[in-house]
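Enquirer: Shown below is the structure under consideration.
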Amino acid sequence: MTTYTDEQVAHLTEGSLDWETTFRMLSMPKDHSRFEQYLKALQAKVPFKERIVLPLGPHLYIVQNAAKQWVTQCDCGHVFGDYRENWKLNAAVYVRDTEEAMTEVYPRLMAPDTQWQVYREYYCPSCGAMHDVEAPTPWYPVIHDFEPDIEAFYRDWLGLPIPEKAA
Amino acid sequence: MEVQTASRVQVLGIDAGGTMTDTFFVREDGRFVVGKAQSNPADESLAIFNSSQDALAHWDRTVEEVFPELVTGVYSGTAMLNRILMRKGLDVGLICNKGFEQIHSMGRALQSYLGYALEDRIHLNTHRYDEPLVPVSRTRGVTERTDVQGKVVIPLREADVRQATRELVEAGSQAIVICLLQSHKNESSEVRARDVVRDELQRLKVDIPVFASVDYYPSRKESHRMNTTILEAYGAEPSRQTLKKVSDRFKKHGAKFDLRVMATHGGTISWKAKELARTIVSGPIGGVIGSKLLGECLGDENIACSDIGGTSFDVALITKGNFAIKSDPDMARLVLSLPLVAMDSVGAGAGSFVRLDPYSKAIKLGPDSAGYRVGTCWPESGLDTVSVSDCHVVLGYLNPNNFLGGAIKLDVQRARDHIKAQIADPLGLSVEDAAAGVIELLDLTLSEYLRANISAKGYNPAEFTCFSYGGAGPVHTYGYTEGVGFKDVVVPAWAAGFSAFGCACADFEYRYDKSVDLGVSQHAGDADKAAACSTLQDAWSELAVKVIDEFVINGYKAEDVILIPGYKMQYMGQLNDLEIASPVTTAATAADWDRIVEAFENTYGRVYASSARSPELGFSITGAILRGTVVTQKPVLPEDPDAGPTPPPEAYLGTRPFYRHKKWVNAALWRMEALKAGNHIVGPAIIESDATTFVVPDGFETRVDKHRLFHLKEIR
Numbered sequence: 017m018t019t020y021t022d023e024q025v026a027h028l029t030e031g032s033l034d035w036e037t038t039f040r041m042l043s044m045p046k047d048h049s050r051f052e053q054y055l056k057a058l059q060a061k062v063p064f065k066e067r068i069v070l071p072l073g074p075h076l077y078i079v080q081n082a083a084k085q086w087v088t089q090c091d092c093g094h095v096f097g098d099y100r101e102n103w104k105l106n107a108a109v110y111v112r113d114t115e116e117a118m119t120e121v122y123p124r125l126m127a128p129d130t131q132w133q134v135y136r137e138y139y140c141p142s143c144g145a146m147h148d149v150e151a152p153t154p155w156y157p158v159i160h161d162f163e164p165d166i167e168a169f170y171r172d173w174l175g176l177p178i179p180e181k182a183a
Numbered sequence: 190m191e192v193q194t195a196s197r198v199q200v201l202g203i204d205a206g207g208t209m210t211d212t213f214f215v216r217e218d219g220r221f222v223v224g225k226a227q228s229n230p231a232d233e234s235l236a237i238f239n240s241s242q243d244a245l246a247h248w249d250r251t252v253e254e255v256f257p258e259l260v261t262g263v264y265s266g267t268a269m270l271n272r273i274l275m276r277k278g279l280d281v282g283l284i285c286n287k288g289f290e291q292i293h294s295m296g297r298a299l300q301s302y303l304g305y306a307l308e309d310r311i312h313l314n315t316h317r318y319d320e321p322l323v324p325v326s327r328t329r330g331v332t333e334r335t336d337v338q339g340k341v342v343i344p345l346r347e348a349d350v351r352q353a354t355r356e357l358v359e360a361g362s363q364a365i366v367i368c369l370l371q372s373h374k375n376e377s378s379e380v381r382a383r384d385v386v387r388d389e390l391q392r393l394k395v396d397i398p399v400f401a402s403v404d405y406y407p408s409r410k411e412s413h414r415m416n417t418t419i420l421e422a423y424g425a426e427p428s429r430q431t432l433k434k435v436s437d438r439f440k441k442h443g444a445k446f447d448l449r450v451m452a453t454h455g456g457t458i459s460w461k462a463k464e465l466a467r468t469i470v471s472g473p474i475g476g477v478i479g480s481k482l483l484g485e486c487l488g489d490e491n492i493a494c495s496d497i498g499g500t501s502f503d504v505a506l507i508t509k510g511n512f513a514i515k516s517d518p519d520m521a522r523l524v525l526s527l528p529l530v531a532m533d534s535v536g537a538g539a540g541s542f543v544r545l546d547p548y549s550k551a552i553k554l555g556p557d558s559a560g561y562r563v564g565t566c567w568p569e570s571g572l573d574t575v576s577v578s579d580c581h582v583v584l585g586y587l588n589p590n591n592f593l594g595g596a597i598k599l600d601v602q603r604a605r606d607h608i609k610a611q612i613a614d615p616l617g618l619s620v621e622d623a624a625a626g627v628i629e630l631l632d633l634t635l636s637e638y639l640r641a642n643i644s645a646k647g648y649n650p651a652e653f654t655c656f657s658y659g660g661a662g663p664v665h666t667y668g669y670t671e672g673v674g675f676k677d678v679v680v681p682a683w684a685a686g687f688s689a690f691g692c693a694c695a696d697f698e699y700r701y702d703k704s705v706d707l708g709v710s711q712h713a714g715d716a717d718k719a720a721a722c723s724t725l726q727d728a729w730s731e732l733a734v735k736v737i738d739e740f741v742i743n744g745y746k747a748e749d750v751i752l753i754p755g756y757k758m759q760y761m762g763q764l765n766d767l768e769i770a771s772p773v774t775t776a777a778t779a780a781d782w783d784r785i786v787e788a789f790e791n792t793y794g795r796v797y798a799s800s801a802r803s804p805e806l807g808f809s810i811t812g813a814i815l816r817g818t819v820v821t822q823k824p825v826l827p828e829d830p831d832a833g834p835t836p837p838p839e840a841y842l843g844t845r846p847f848y849r850h851k852k853w854v855n856a857a858l859w860r861m862e863a864l865k866a867g868n869h870i871v872g873p874a875i876i877e878s879d880a881t882t883f884v885v886p887d888g889f890e891t892r893v894d895k896h897r898l899f900h901l902k903e904i905r
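Shown next as structure tokens:
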């Protein structure tokens with residue numbers, strides 16, 4: 017079983033891990049302690065004190081707050097609400113639904129026809145970090161990406177104690 | 190001793206590997222010595238010198254005495270390969286067709302996973318491009334287009350070429366490569382571009398070499414041709430300096446021979462040769478060449494060559510006395526168009542790491558390996574993952590006090606502890622059974638691979654003699670040949686230096702290839718056949734000039750050169766061609782064509798099946814080949830008198846506990862060098878030499894023949 021140092025995993029999260037180690041990580045069965053090391057590396061990076069339960073994106077996490085509630089939270093500490101709710105409903109949204117808005121991100125004629133497809137960009141209302149982009153048809157409801165069963169993940173997959181959660 | 194030293198040393202073979210540099214000296218009477226020294230990438234010549242000293246010490250002779258006696262010296266090594274892998278070549282500028290500037294970096298997409306194990310190849314996340322040999326910033330497109338038929342559709346815009354040259358010089362290019370589309374079909378635009386570049390360089394008063402693909406590798410497949418020409422510009426000149434250093438050191442110690450280098454096509458070329466890119470891989474080829482020569486001596490024309498090293502198991506087949514040539518191989522994760530002796534490899538070797546899959550609890554070998562670090566049994570290795578060598582040490586296969594002639598001491602207990610913790614305990618097995626399970630798995634993997642390699646090509650193992658060599662080969666020979674049903678299994682006493690020996694066996698031979706496109710139907714008229722012959726002959730004549738030029742560089746005259754024409758042929762519309770040594774020395778008439786076809790059909794029937802022959806499709810010639818050789822001195826095999834079946838008492842070293850099939854037995858230990866021709870040994874026995882260990886377990890016996898070849902047999 018291959019194991020890695022906390023430093024290597026920290027480099028992995030930063031994208032600065034050397035290729036040979038990255039390649040070995042990719043090809044070998046996953047090391048048991050990776051998730052714990054990964055959380056440790058993330059926790060060291062974020063400015064907030066709340067404990068990370070599950071990372072959701074490069075700047076978005078499910079954390080355990082002081083009241084032991086699990087909430088979705090941005091890097092900057094902005095809280096999007098209970099982790100079971102769709103955090104996007106509490107985010108700032110920018111919809112690209114005109115050709116003009118599309119040409120800001122793609123060359124002309126290389127972007128979708130906005131009658132068929134629009135981009136919906138979700139930002140943190142406090143710090144402006146972009147957390148997600150959807151590319152649905154114009155009328156499509158806001159997508160709830162992920163409803164994680166965190167208890168099962170910790171218990172059955174990781175074999176780790178489940179972080180405390182207020183009812 | 191005096192009798193022995195009276196004989197002159199004639200031939201030297203060198204295998205400068207990544208870890209060890211082997212030298213192999215052969216005397217007139219066929220006696221040989223093998224020398225080993227730690228490789229020295231910074232100065233290969235020094236490692237060769239040290240290795241030579243080590244070898245000649247066995248004869249109580251010195252380098253100064255022996256070097257002047259040598260008539261042949263052949264080098265094979267990884268200098269060129271390492272230069273490419275480490276991207277330490279010249280800053281090359283590239284001129285290609287406008288719009289195709291990114292082609293080199295894109296590497297046909299498949300360069301992102303070349304050299305990977307299957308598991309990684311199908312795992313997209315692992316795919317990754319190496320840094321290209323030429324960055325896009327030093328690539329310029331010029332307007333020109335030649336179509337697939339070789340017709341110039343857009344003429345070369347010479348002003349573009351001049352500007353590209355100026356920009357590439359400005360960007361610091363140390364060499365310029367030109368590779369235009371379809372230039373193998375019609376060279377005119379590329380040749381013109383080359384001349385314009387040279388002219389512009391002269392105007393700029395810049396003296397840098399220019400490499401046009403048509404002058405080097407005029408073969409179809411654009412990425413292959415471009416890569417190969419770039420490789421030549423990028424790595425050949427710096428490698429030539431390395432080889433010159435080696436040659437100079439030989440000269441300094443009185444050597445009079447001209448150093449030759451093993452090349453991918455299985456011949457050797459001078460270090461002064463124009464095309465050095467083909468020396469990129471040479472070590473493993475040596476073994477195949479050596480096997481061919483041994484086979485000729487023994488009268489075996491079908492041979493399965495098997496070479497097991499630390500990281501991989503290489504298999505090559507010799508059928509009817511010939512090895513196969515692959516014309517567009519990949520090396521160093523680049524697709525190339527170089528003729529390469531065909532070999533198949535699996536990434537499991539004596540140093541492979543052994544791990545348990547945490548989910549299935551299955552034992553997994555490799556794909557990475559301990560390499561020169563041996564395993565956890567060598568405390569200084571810094572390793573903590575079990576390797577196959579660890580299992581060997583624990584089971585008594587290897588002598589912990591005589592590894593590499595005692596150069597390093599192995600710690601059996603350390604290996605035991607690691608096997609226990611990592612393999613045995615999780616599986617609930619004893620250390621011995623866990624280690625034996627690993628060996629069995631390796632043996633099974635290798636023997637299945639060997640068997641599949643032979644039967645997949647339509648052959649029957651019973652018609653083949655298996656040669657087993659490489660430092661670790663003889664340890665495993667019994668394991669991977671058991672039950673395969675070979676006619677004979679042969680382990681040369683010099684297995685560890687076999688690649689170096691093979692290099693010394695190789696002809697001084699240049700080979701040039703050129704793509705041609707000829708199609709002639711089955712019942713074509715004489716005029717068509719003669720026309721096809723004339724195209725083929727033109728290609729041969731063009732190649733002959735190149736081949737003879739190379740020999741002239743080394744001071745040979747045109748009449749000394751023996752030219753051997755060949756061609757690649759296929760049934761029209763089929764995908765794979767076969768390489769045929771031409772039955773005619775010149776091609777001109779319809780009768781010549783018929784003989785060319787006949788030779789192809791005979792080979793086709795032998796390689797596949799007579800009933801698979803399809804002359805009704807017509808015939809295509811896809812490539813012209815010309816090989817040229819001159820006479821050189823080759824090693825002769827020793828001829829020892831038969832000393833009877835009983836080994837001399839001084840060869841006996843005692844016994845060692847040896848574990849196989851769930852029990853410990855006492856294996857007799859023999860010193861390989863002291864065994865005599867005719868000696869017969871019944872297993873369990875272990876025959877040790879400095880550089881290799883030959884394992885003859887229970888149920889096997891071996892006999893030494895007059896050439897110092899061990900023949901291994903199963904006792905039924």
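Listed in order, the protein sequences are those of chains A and B.
Residues 17 to 183 in this note's numbering are what the first sequence lists, from first letter to last.
Residues 190 to 905 in this note's numbering are what the second sequence lists, from first letter to last.
Cβ atoms here follow ideal geometry from the backbone N, Cα and C, with glycine treated the same way.
(1) Which chain A residues are close to B:His-312, counting only those with a beta carbon under 8 Å from its beta carbon?
(2) Helix, strand or coil: which one does DSSP assign to B:Phe-289?
(3) Considering only the alpha carbon of each residue, which of A:Arg-112, A:Arg-50, A:Ser-43 lies closest to A:His-27?
(4) Near B:His-945, what residues of its chain come up, given a Cβ to Cβ distance below 7 Å and the 5 sequence neighbours on each side ignored?
(5) Is it buried or exposed, B:Ile-785, if we count other Cβ atoms within 10 angstroms and call 16 or more buried?
(6) Have a look at the DSSP bridge pairing and note the partners of B:Met-451.
(7) Helix, strand or coil, according to DSSP, for B:Met-190 in the structure here?
(8) With contact counted as at least three CB pairs below 8 Å, one residue from each stretch, are the region 714-724 of chain B and the region 777-791 of chain B in contact?
(9) Report the option in B:Gly-755, B:Ser-495, B:Asp-738 whose CA atom is closest to the CA atom of B:Ala-747.
(10) Buried or exposed: B:Tyr-548, going by 16 or more other Cβ atoms within 10 Å of its Cβ?
(11) In or out: A:Lys-61 buried (at least 16 other Cβ within 10 Å) or exposed?
(12) Taking 7 Å as the CB-CB limit, is B:Asp-606 close to chain A?
(13) Does the structure place the region 217-231 of chain B close enough to the region 822-833 of chain B that three or more beta carbon pairs sit under 8 Å?
(14) At the level of alpha carbons, what is the spacing between B:Arg-327 and A:Leu-58?
(15) With 7 Å set as the bound, which would you pick, yes or no: does the beta-carbon of B:Thr-315 sit closer than that to a beta-carbon of chain A?
(16) For B:Asp-783, count the other beta carbons within 10 Å of its own beta carbon; 16 or more makes it buried, fewer makes it exposed. Which is it?
(17) Note down the Cα distance separating B:Gly-498 from B:Ala-348, rounded to an integer number of angstroms.
(18) Beta carbons nearer than 7 Å to chain A: which residues of the region 545-556 of chain B have them?
(19) Taking all protein chains shown into account, do 16 or more other C-beta atoms lie within 10 angstroms of the C-beta of B:Cys-580, making it buried, or fewer, making it exposed?
(20) For B:Asp-496, which residues in the same chain have their Cβ closer than 7 Å to its Cβ, ignoring the five residues on either side in sequence?
(21) Got a sec? Which residues, its chain only, sit under 6 Å from B:Thr-354 by beta carbon, not counting five neighbours each side?
(22) Distance cutoff 7 Å, beta carbons only. Does B:Asp-766 sit that close to anything in chain A?
(23) Do the CB positions of B:Gly-132 and B:Cys-285 come within less than 7 Å of each other?
(24) Taking DSSP as the reference, what is the three-state secondary structure of B:Val-470?
(25) Taking only three categories from DSSP, how would you classify B:Asp-632?
(26) Could you tell me which chain A residues have their CB closer than 7 Å to the CB of B:Asp-309, listed as they occur along the chain?
(27) Nearest CA to the CA of B:Leu-906: which residue from B:Asn-229, B:Asp-781, B:Pro-838, B:Cys-655?
(28) Residues of chain B with CB under 7 Å from A:Trp-173, in chain order?
(29) Can you list, in chain order, the residues of its chain with a C-beta nearer than 6 Å to that of B:Glu-258? Leave out the 5 residues immediately preceding and following it.
(30) Give me the residue from B:Leu-599, B:Trp-460, B:Leu-525, B:Gly-443 with the minimum Cα distance to B:Arg-449.
(31) Per DSSP, what kind of secondary structure is A:Trp-86 in: helix, strand or coil?
(32) According to the Cβ coordinates, are B:Asn-416 and B:Leu-525 closer than 7 Å?
(33) Compute the distance between the beta-carbons of B:Glu-333 and B:Ser-378, then report whether it is under 7 Å.
(34) Can you tell me the Cα-Cα spacing of B:Arg-700 and B:Tyr-405, whole angstroms?
(35) Name the chain B residues that come within less than 9 Å of A:Phe-39, Cβ to Cβ?
Expert: So, to answer that:
(1) Taking the first residue of the second sequence as 1, we reach residue 312 of chain B at position 123. Here the neighbours are Leu-42, Ser-43.
(2) What you label residue 289 of chain B is simply residue 100 of the second sequence in a count that begins at 1. It is coil, neither helix nor strand.
(3) Working through the first sequence from its first residue, we reach residue 27 of chain A at position 11. Nearest C-alpha to A:His-27: A:Arg-50.
(4) This structure gives no information on residue 945 of chain B, because the portion of chain B shown stretches from 190 to 905.
(5) Looking up residue 785 of chain B in the second sequence gives position 596. B:Ile-785 should be labelled buried.
(6) The residue given as residue 451 of chain B occupies position 262 in the second sequence. According to DSSP, which records beta bridges pairwise, B:Met-451 is partnered with B:Thr-457.
(7) Here residue 190 of chain B is taken as the residue at index 1 of the second sequence, counted from 1. Legend: pLDDT at B:Met-190 = 37, less than 50; position of this residue unreliable, no value from coordinates given.
(8) yes
(9) One-based indexing of the second sequence puts residue 747 of chain B at position 558. Selected option, being the one with the closest Cα: B:Asp-738.
(10) Indexing the second sequence from 1 puts residue 548 of chain B at position 359. B:Tyr-548 is exposed by the Cβ-count criterion.
(11) Along the first sequence, one-based indexing puts residue 61 of chain A at 45. So A:Lys-61 ends up on the exposed side.
(12) Your numbering for residue 606 of chain B matches position 417 in the second sequence. With 7 Å as the cut-off, B:Asp-606 does not count as an interface residue toward chain A.
(13) yes
(14) Position 138 of the second sequence holds residue 327 of chain B. Position 42 of the first sequence holds residue 58 of chain A. Rounded to whole angstroms, B:Arg-327 to A:Leu-58 spans 40 Å at the Cα level.
(15) Translated into positions along the second sequence, residue 315 of chain B becomes position 126. For B:Thr-315, the answer is yes, since a Cβ of chain A falls inside 7 Å of its Cβ.
(16) Here the question's residue 783 of chain B lines up with position 594 in the second sequence. When all chains shown are included, B:Asp-783 counts as exposed.
(17) Taking the first residue of the second sequence as 1, we reach residue 498 of chain B at position 309. Taking the first residue of the second sequence as 1, we reach residue 348 of chain B at position 159. So the alpha carbons of these two residues sit roughly 54 Å apart.
(18) Asp-546, Pro-547, Tyr-548
(19) Position 391 of the second sequence holds residue 580 of chain B. Answer is buried; the Cβ neighbour count reaches 16.
(20) Position 307 of the second sequence holds residue 496 of chain B. Around B:Asp-496: Pro-473, Gly-476, Asp-503, Tyr-658, Gly-659, Gly-662.
(21) As a working note, residue 354 of chain B is residue 165 in the second sequence. Closer than 6 Å at the Cβ level, and outside the excluded window around B:Thr-354, lie Val-386, Glu-389.
(22) Residue mapping note: residue 766 of chain B aligns to position 577 of the second sequence, counting from 1. Not an interface residue.
(23) In the structure as shown, chain B begins at 190 and stops at 905. Residue 132 of chain B is therefore absent and cannot be evaluated.
(24) Residue 470 of chain B sits at position 281 when you count from the first residue of the second sequence. In the structure shown, B:Val-470 sits in coil (DSSP, three-state: anything other than H, G, I, E or B).
(25) Here residue 632 of chain B refers to the residue found at position 443 when the second sequence is read from its first residue. In the structure shown, B:Asp-632 sits in a helix (DSSP, three-state: H, G or I).
(26) Residue 309 of chain B sits at position 120 when you count from the first residue of the second sequence. Within 7 Å Cβ-Cβ: Ser-43.
(27) Outside the displayed span of chain B (190 to 905) sits residue 906 of chain B, for which this structure offers no information.
(28) Indexing the first sequence from 1 puts residue 173 of chain A at position 157. The premise fails here: A:Trp-173 is roughly 12 Å from chain B at the closest Cβ pair, so nothing lies under 7 Å.
(29) Stepping through the second sequence from its first residue, residue 258 of chain B is reached at position 69. Answer for B:Glu-258: Arg-197, Val-198, listed in chain order.
(30) The residue you call residue 449 of chain B lines up with position 260 of the second sequence. Ranking B:Leu-599, B:Trp-460, B:Leu-525, B:Gly-443 by Cα distance to B:Arg-449 puts B:Trp-460 first.
(31) For the purposes of this step, residue 86 of chain A is identified with residue 70 of the first sequence, where counting begins at 1. A:Trp-86 falls in the strand class under three-state DSSP.
(32) As a working note, residue 416 of chain B is residue 227 in the second sequence. As a working note, residue 525 of chain B is residue 336 in the second sequence. Contact flag set, yes.
(33) Taking the first residue of the second sequence as position 1, residue 333 of chain B is located at position 144. Taking the first residue of the second sequence as position 1, residue 378 of chain B is located at position 189. Taking 7 Å as the Cβ cut-off, B:Glu-333 and B:Ser-378 qualify as a contacting pair.
(34) Residue mapping note: residue 700 of chain B aligns to position 511 of the second sequence, counting from 1. Residue mapping note: residue 405 of chain B aligns to position 216 of the second sequence, counting from 1. The straight-line gap from Cα to Cα measures roughly 12 Å.
(35) In the first sequence, residue 39 of chain A corresponds to position 23, counting from 1. Simply Asp-309, Thr-315, Arg-317.
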